[in-house]
Every structure is written in structure tokens, then in C-alpha cells.
């Protein structure tokens, strides 16, 4: 029987720890409860950027459908990322 050691771990079958991941932004969606309408916004944790909160089923659906483009546009202009380059 052969045992493989990865990154100092001698337990067979354990995965090696991957690279550390940090949450740098959130797409926040509240689906609406107790008669409140759904809401959504995007916030960056590198800088104080936060979109306006959209409210309503159709507005939230439209916002989330284009959230990836909005996030990419913010990353291109994020002051925290511009300082580190």
C-alpha cells in the first residue's frame, strides 16, 4: 500500500490546500419576504463603491442579468486596484 504526502499532510485521501481566496465584492440579493419587494445591489470590498439598490421583481431581474458587466466595469476603474498597479 502506498501513501502520498502533500504539503506536509500525511493523511491519505486529503486534498492539498488550494490558494487562499478572498471575497472582494458581493452581489447582494434579497428575495423579498413578508410583503417586502425583492432588492439587489453590488458592493466592492476593496473601495467604498456600492451601486444604488434596485427594488422590484423586474428591476432585480434586469440588474442581475447585467451584473457581470457592471462588476467588470467597476474592476477596470476601481481606485483600490489602480493604486496597486
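Residue numbers (my numbering): 326 to 410. Note that beta-carbon positions come from the ideal geometry of N, C-alpha and C, so glycine has one too. Note that the coordinates shown come from a computational prediction; the quantities given were computed from them, not determined experimentally.
Do you know how far the Cα of residue j is from the Cα of residue i?
| i | j | result |
| --- | --- | --- |
| residue 385 | residue 339 | 41 Å |
| residue 356 | residue 348 | 22 Å |
| residue 405 | residue 353 | 21 Å |
| residue 402 | residue 364 | 25 Å |
| residue 366 | residue 373 | 13 Å |
| residue 361 | residue 381 | 9 Å |
| residue 377 | residue 344 | 33 Å |
What residue does the beta strand (DSSP E) around residue i start on, and which one ends it?
| i | result |
| --- | --- |
| residue 353 | 350-355 |
Report the partner residues of residue i according to the DSSP bridge assignment.
| i | result |
| --- | --- |
| residue 379 | 365 |
Let's see if you can read the secondary structure: which residues bound the alpha helix (DSSP H) around residue i?
| i | result |
| --- | --- |
| residue 400 | 392-402 |
For the candidate residues the options, whose alpha-carbon lies nearest to that of residue i?
| i | options | result |
| --- | --- | --- |
| residue 399 | 378, 390, 370, 383 | 370 |
Taking Cβ positions, are residue i and residue j nearer each other than 8 Å?
| i | j | result |
| --- | --- | --- |
| residue 350 | residue 396 | yes |
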